[in-house]
Amino acid sequence: MKIERESLNYGIIGNCKSSALIKKDTSIEWCCLPQFDSDSIFCKILDEEIGGYFKIECNKTYKINQKYFRNTCVLQTNISDGENEFEVIDFMPRFKKENGKYYTPPEISRILKLKKGKPKFKVLYEPKLAFASGNTRTYKKEKFVVSIVDDKKYETLFLYTNLDKDAIINSYENELRENIYFVISYNEKINLPSMDKVFFELDQTKVYWKSWCYKTPTFQEYNNEILRSAMTLKLLNYEKTGAIIAAATTSIPESIGEVRNWDYRFCWIRDASMVIKVISKIGHTKMVKNFIDFILNIIPDKNEKLQIMYGISGEKNLTEKTLDYLSGYKNSKPVRIGNAAYLQKQNDIYGILMDAIHFQIQKYSNEDDKHEELWSIVKSIVWVVKNNWKLADKGIWEIRGDNMHFTFSK
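Counting in my numbering, the sequence shown tops out at residue 783, every number present.
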């Protein structure tokens, strides 16, 4: 298997609390649990040597093809040498339970589904908790494989599987004779899974995403591309609060080898407002209303100025620090967590938010019961704009020098 490091060609899975990035060769190289802005459990994308990953490895004679199950965020990787063949299926459970609440545990599920023959494979399981900042120790117990890091920050990862645990600890070659499951659980021991249970959660997760897509209009042109883009935007929605993050990652550089490497796991008012306008146009009203609630909740005082960005739970202090021990994506340092841009002034955010609110009121004028609260925000925004629009700012490019006058901000 030739590993191509020249592109960011990753599949993404998620459950609207967190997500994971998976390369074509099955390597999970980025995941933060239990939520988007948590510390990572795998971050090989930011350091090839110490970042940590989870990969199913075969010899070079096997060909690999990766795609999503149609209209889902479930990733399907087919591995075959012609005579032997199996699939790696990756997903994060998300479906509605009988009580009407969504089941979104801090888990990653991985299935090896035998298609034909007796494929040989190795499990390369190297979690590195807390952004690989401490010494992660992985060892087997009776019911699971456990990984802990306790010299910096106590965290625990449990891996449940029906594969011989020694095959995971020692990475020796296996022959796939039956379907295999892996369930990663963050900080929580769970009841011992079964193959049937994992397949059930897979089917339920597929049903959820297919249902979500069914509620999306069909377009005459580029329908598949539009659906995939819409699902990706949905994955970036932290459903608990309604926040929409700019990206699932931190410190992917704007230019390889340069220093403009930012943490985008936060909610930018500008970006999220643009997303919400698109989501509103394709009819997903619940996601739109959740974001409006997020805006209402982060401005308890209607005279309070908007920050350009907030944490996914409405945090206002997003202090930035660098992780200098990580080499960065393709040696692009530094790796950052937090984002000092939260202190910046960017005058354009008000108009874009106003546009989203206006669109919301027009489209759902008979359904929305928050018009008065929204009107209070609008009046506050108008007051701020009236008194600040002529002033210099950092602009949409978030320059880290002196304030300047930008056309886009006017």
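Every residue, glycine too, gets a C-beta built ideally from N, C-alpha and C. Note that the structure is a prediction, hence the values are computed from the model and not measured.
Helix, strand or coil for residue i? Go by DSSP, reduced to three states.
i	result
W748	helix
E574	helix
L497	strand
C416	coil
K375	Note that K375 scores a pLDDT of 40, beneath 50, so its modelled location is shaky and nothing firm can be said.
A540	helix
F781	helix
Along the chain, where does the beta strand (DSSP E) containing residue i start, and where does it finish?
i	result
E598	E598 -> not in any beta strand (DSSP E); alpha helix (DSSP H) instead, spanning N596 to L608.
R856	Only positions 374 to 783 of the chain appear in the structure, and residue 856 is not among them; the question remains open.
L530	E528 to T534
D463	E458 to F464
W403	I401 to C405
E430	Y426 to E430
How would you call residue i, buried or exposed, if buried means at least 16 neighbouring beta carbons within 10 angstroms?
i	result
A765	exposed
V758	exposed
H657	buried
I376	Model confidence at I376 stands at a pLDDT of 37, short of 50, so the residue's coordinates are unreliable; what they give is reported in the following sentence. I376 is exposed by the Cβ-count criterion.
W770	exposed
G339	Outside the shown range of the chain, which is 374 to 783, sits residue 339, and nothing can be said about it.
T780	exposed
T477	buried
D697	exposed
T434	exposed
R773	exposed
What residue range does the alpha helix (DSSP H) around residue i cover?
i	result
R643	I642 to K654
V447	From DSSP, V447 is part of no alpha helix (DSSP H); its letter is neither H nor E.
N670	T658 to I671
F504	L502 to A505
Y723	I722 to K736
So if DSSP puts residue i in a beta bridge, which residue, or which two residues, is it bridged to?
i	result
G387	S392
Y554	I484
R709	T695
Q370	No statement about residue 370 is possible, as the shown extent of the chain runs from 374 to 783 and does not include it.
D766	M777
N547	F494
* Using 8 Å as the threshold, is the region 572-586 in touch with the region 640-647, meaning 3 or more CB pairs across them? -> no
* **Inter-stretch contact (C-beta, 8 Å, three-pair minimum) for the region 633-643 and the region 587-598** => no
* Asked: Does the region 483-492 come close enough to the region 508-521 to have 3 or more Cβ pairs within less than 8 Å?
  -> No: the two stretches stay apart, fewer than three of their Cβ pairs being nearer than 8 Å.
* **Segment contact, 8 Å Cβ cut-off, at least three pairs: the region 745-763 with the region 719-734** => Three or more beta-carbon pairs separated by less than 8 Å link the region 745-763 to the region 719-734, which places the two stretches in contact.
* Spell out a yes or no on whether the region 384-397 and the region 602-612 are touching, meaning 3 or more CB-CB pairs, one atom from each, closer than 8 Å. => In short, these stretches touch, since the Cβ pair count reaches three.
* **the region 515-533 / the region 430-446 touching (three or more Cβ pairs under 8 Å)** => no
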